[in-house]
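So the sequence lines, in the order shown, correspond to chains A and B. Positions 38 to 358 (our numbering) are the ones given, in order, by the first sequence. Positions 22 to 322 (our numbering) are the ones given, in order, by the second sequence. Using N, Cα and C, we set each Cβ at its ideal position, and we do this for glycine too. See structure below.
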Amino acid sequence: MTTVEKLVQMALVLLGFAAVVGVIVLLAGRVKGRKGDRTVAMVFLLPTVIVLLIGLVYPAVRTIYQSFFDAAGSSFLGLGNYATIFTNSDQLVVLRNTVAWVVITPFVATAVGLLYAILVDKARLESLAKALIFLPMAISFVGASIIWKLIYEYRPEQGGVNQVGLLNQLLVMVGGTPQQWLLNEPWNNLFLIVIMIWIQAGFAMTILSAAIKAIPEDIVEAARLDGVGAIGMFRFVTVPSIRPALIVVLTTIGIATLKVFDIVRTLTGGNFGTSVVANEFYTQSLQTDNQGLGAALAVLLFLLVVPVVVYNVRQLRASEA
Amino acid sequence: MTSTVVPVTTTPAVVPPEGLTGRARNTLSRPWASAAALVLAVLWTLPTFGLAVSSIRPARDTRTSGWWTFFTSPDATLDNYRAVFSDQGGGLGNSFLNSFVITIPSVVIPMVLAALAAYALAWIDFRGRNLLFVAIFALQIVPIQVTLLPLLKLYVGAGLAGNFATLWISHATFALPLAIFLLHNFMREIPKELIEAARMDGAGHVQIFFQVLMPLLTPALAAFGIFQFLWVWNDLLVALTFAGSEVRPLTVDIANLAGTRGSALHLLSAGAFVSIIVPVTVFLCLQRFFVRGLLAGGLKG
Numbered sequence: 038m039t040t041v042e043k044l045v046q047m048a049l050v051l052l053g054f055a056a057v058v059g060v061i062v063l064l065a066g067r068v069k070g071r072k073g074d075r076t077v078a079m080v081f082l083l084p085t086v087i088v089l090l091i092g093l094v095y096p097a098v099r100t101i102y103q104s105f106f107d108a109a110g111s112s113f114l115g116l117g118n119y120a121t122i123f124t125n126s127d128q129l130v131v132l133r134n135t136v137a138w139v140v141i142t143p144f145v146a147t148a149v150g151l152l153y154a155i156l157v158d159k160a161r162l163e164s165l166a167k168a169l170i171f172l173p174m175a176i177s178f179v180g181a182s183i184i185w186k187l188i189y190e191y192r193p194e195q196g197g198v199n200q201v202g203l204l205n206q207l208l209v210m211v212g213g214t215p216q217q218w219l220l221n222e223p224w225n226n227l228f229l230i231v232i233m234i235w236i237q238a239g240f241a242m243t244i245l246s247a248a249i250k251a252i253p254e255d256i257v258e259a260a261r262l263d264g265v266g267a268i269g270m271f272r273f274v275t276v277p278s279i280r281p282a283l284i285v286v287l288t289t290i291g292i293a294t295l296k297v298f299d300i301v302r303t304l305t306g307g308n309f310g311t312s313v314v315a316n317e318f319y320t321q322s323l324q325t326d327n328q329g330l331g332a333a334l335a336v337l338l339f340l341l342v343v344p345v346v347v348y349n350v351r352q353l354r355a356s357e358a
Numbered sequence: 022m023t024s025t026v027v028p029v030t031t032t033p034a035v036v037p038p039e040g041l042t043g044r045a046r047n048t049l050s051r052p053w054a055s056a057a058a059l060v061l062a063v064l065w066t067l068p069t070f071g072l073a074v075s076s077i078r079p080a081r082d083t084r085t086s087g088w089w090t091f092f093t094s095p096d097a098t099l100d101n102y103r104a105v106f107s108d109q110g111g112g113l114g115n116s117f118l119n120s121f122v123i124t125i126p127s128v129v130i131p132m133v134l135a136a137l138a139a140y141a142l143a144w145i146d147f148r149g150r151n152l153l154f155v156a157i158f159a160l161q162i163v164p165i166q167v168t169l170l171p172l173l174k175l176y177v178g179a180g181l182a183g184n185f186a187t188l189w190i191s192h193a194t195f196a197l198p199l200a201i202f203l204l205h206n207f208m209r210e211i212p213k214e215l216i217e218a219a220r221m222d223g224a225g226h227v228q229i230f231f232q233v234l235m236p237l238l239t240p241a242l243a244a245f246g247i248f249q250f251l252w253v254w255n256d257l258l259v260a261l262t263f264a265g266s267e268v269r270p271l272t273v274d275i276a277n278l279a280g281t282r283g284s285a286l287h288l289l290s291a292g293a294f295v296s297i298i299v300p301v302t303v304f305l306c307l308q309r310f311f312v313r314g315l316l317a318g319g320l321k322g
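Following this line, the structure appears as structure tokens:
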């Protein structure tokens, strides 16, 4: 395809879509009065419902069904694929790594975000300071992986060979031996997790900063008059006041972390004991063509997300009441 | 829940005197606080800065020394950028265009569909409305991984495999639940009296939608638009699964480059810089809307 052909394709799909919307609006516009409400609602909702049924509901049901079958999708295995995930030694490493990602990332990212939000609160240049931390949110996981590759690069320690990675350079400067950060198991997982923390801290900081600013000034003032110090202020005023926001941030980052595979894929391809469920899903489904196991891994992701979301919604309900 | 939505105001660079009482709680720790904040800011900025510097260093330099040596022996070139756009270096020109062609419809289509659906769910009374809203809300938790393979089979069956269409449809579908939820929340905040008054004047739903709601909805639409733009532009999984080699976006090309030319740091850094410059620019220019969207989505959902 040439550049022009691609642009024409894009223009055509946008025009086609505009035409569909035009028809919808036209149809809805002809219905007048309260009796036509149902019709208008139907016309407005129909495209969305169709798209969601075909694009989300059907595939999800299909994948759940597929997860009970073998690699080729022909013979029924029952819970066999799930048993593999929880017994196969390679898969257990995947589970271990996933747990590490999902536990470490939200807590560290939130801690950093909260600390930074408090540090720069009402400081000079606050918005600039925040933008610096927040910027990684705009960068793709792939881009972030390359950025951190430049930190983790390794060169063997020989005369006349310089380190090109920042971390090894710092290590050499204090007299250490350069390390293959992304190869040495199991610590390589931590160095991959750092990248996700780097990306998510800005999200945590933004939400928490807004929550901190919403703490009524009179509460802060009253605590201050009671002689509460900085630490006490943090423990007894700040944290309890922003608790709902903290929960939202922790769970949102947890869910995002669970589903991320780009970092692992770009930097190690899941080798050297670094695979996670989301990456293993891709490998099994699209590379080794083990559809059954791939489907089971996808369903596992689904199952892990559900309790977190339910908890989140219940906490929100509680804080609203 | 309106009370938790916090107005995001930018603090003036110089703190006015009345702000001093508010700052008092931090007075004791101020110098330490500033130092700690500075350390964090440097830690968070340095990696990206290193990438930018690496991308303009000659290939030979990136192989033999770290990017920080640039400041002791500066030698800058644009060759790396020329190389990544050439066919041997990665041909990023093509995927740069593809990223745009993929992203624009993937933002516009769900935005319009969601606005219509959210309006119906927020302001039209019909039976089953709440049930439908909860169902759509619940779909937000479906991870896209669960949908990929069956979708791929559907696309193959429909003769769409590898085309832009697969990416447009997929991204639009995946975005709808969150988009509807966000826009619905914004729409519900518009006073009922406004809608009722328009209805009294004989306005139909279409007029109300375009003349009353649209102008009020612009910030919400902008927030979702930026959100979705960043999401689609930065996506790897969907593109890797569906995009044929001709329609590959930047992320896929850079990820491939990392796999096949992993040691070519000069190409990788220039390529990565090309891929992040657009979302970072969009983000910096429209930060306010983005933050507002985050707060609405985060604290309400």
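{"Query": "Residue burial classification, B:W254 (beta-carbon count within 10 angstroms, cutoff 16)", "Result": "buried"}
{"Query": "7 Å Cβ shell around B:A260 - same chain, five flanking residues per side excluded", "Result": "L188, R269, P270, T272, V273"}
{"Query": "Per-residue contacts from B:I125 into chain A (C-beta, under 7 Å)", "Result": "M47"}
{"Query": "Through-space distance from B:D256 to A:V88, alpha-carbon basis", "Result": "20 Å"}
{"Query": "Among B:V60, B:S266, B:V303, B:E267, the one whose alpha carbon lies nearest that of A:I170", "Result": "B:V60"}
{"Query": "Secondary structure of A:G53, DSSP reduced to three states", "Result": "helix"}
{"Query": "DSSP bridge partner residues for B:G183 (one or two, in chain order)", "Result": "B:A264"}
{"Query": "Counterpart residues of B:F304 in DSSP-defined beta bridges", "Result": "Looking at the DSSP assignment, B:F304 forms no beta bridge with any residue, so it has no partner."}
{"Query": "Whether A:F113 touches A:F106 by CB criterion (7 Å)", "Result": "yes"}
{"Query": "Assigned secondary structure, B:F147 (DSSP; H/G/I helix, E/B strand, else coil)", "Result": "coil"}
{"Query": "Chain A contact residues for B:I190, given Cβ-Cβ distances below 7 Å", "Result": "G92"}
{"Query": "Inter-residue spacing [alpha-carbon to alpha-carbon] between A:Y102 and A:Y95", "Result": "11 Å"}
{"Query": "Neighbour list for A:Q200 in chain B, Cβ cutoff strictly below 7 Å", "Result": "G87"}
{"Query": "Cross-strand partners of A:V228 (DSSP beta bridge)", "Result": "Checking the displayed sequence, the identity of residue 228 of chain A turns out to be Phe instead of Val. In DSSP, A:F228 forms no bridge with anything."}
{"Query": "Contact list for B:P95 against chain A, beta-carbon separation under 8 Å", "Result": "Per Cβ cutoff of 8 Å: no residues; B:P95 is ~16 Å from chain A at best."}
{"Query": "Nearest neighbour of B:T90, chosen from A:V140, A:Q206, A:P223, A:L152 [CA to CA]", "Result": "A:Q206"}
{"Query": "DSSP three-state assignment for A:F105, whether helix, strand or coil", "Result": "coil"}
{"Query": "7 Å Cβ cutoff, A:G53 in contact with chain B", "Result": "no"}
{"Query": "Pairwise C-alpha distance: A:L83 and B:R282", "Result": "47 Å"}
{"Query": "A:F309 in three-state terms, based on DSSP", "Result": "coil"}
{"Query": "CB contact flag (B:S116, A:G180, <7 Å)", "Result": "no"}
{"Query": "Span of the alpha helix (DSSP H) around A:E258", "Result": "254-262"}
{"Query": "Beta-carbon gap between B:F304 and A:A238 smaller than 7 Å", "Result": "no"}
{"Query": "Limits of the unbroken alpha helix (DSSP H) element including A:I292", "Result": "280-296"}
{"Query": "The region 202-209 of chain B contacting the region 135-149 of chain B, beta-carbon criterion three pairs below 8 Å", "Result": "yes"}
{"Query": "is_contact[B:L149, chain A] using C-beta, thresh 7 Å", "Result": "It should be noted that the sequence gives Gly, not Leu, for residue 149 of chain B. No, no contact with chain A."}
{"Query": "Cutoff 7 Å: B:S107 Cβ touching any chain A Cβ", "Result": "no"}
{"Query": "Outcome for B:T48 when other beta-carbon atoms lying within 10 angstroms are tallied against a minimum of 16", "Result": "No answer about B:T48 holds up, because its pLDDT of 43 lies below 50 and its placement is not dependable."}
{"Query": "Residue-chain proximity (B:E267, chain A), Cβ-Cβ < 7 Å", "Result": "yes"}
{"Query": "Whole-number beta carbon distance between B:L315 and B:I165, since they are thought to touch under 8 Å", "Result": "20 Å between Cβ atoms; not a contact."}
{"Query": "C-beta atoms of A:V313 and A:W185 nearer than 7 Å", "Result": "no"}
{"Query": "Rounded separation between A:Y191 and B:A58 - CA only", "Result": "30 Å"}
{"Query": "Under 7 Å by beta carbon: chain B residues contacting A:Y153", "Result": "A58, L61"}
{"Query": "Assigned exposure category for A:R351 - 16 Cβ within 10 Å defines buried", "Result": "exposed"}
{"Query": "The region 296-315 of chain B: positions lying closer than 8 Å to chain A by Cβ", "Result": "S296, I297, P300, V301, V303, F304, L305, Q308, V312, L315"}
{"Query": "Local Cβ density within 10 Å of B:L197, reported as buried at 16 or more and exposed below that", "Result": "buried"}
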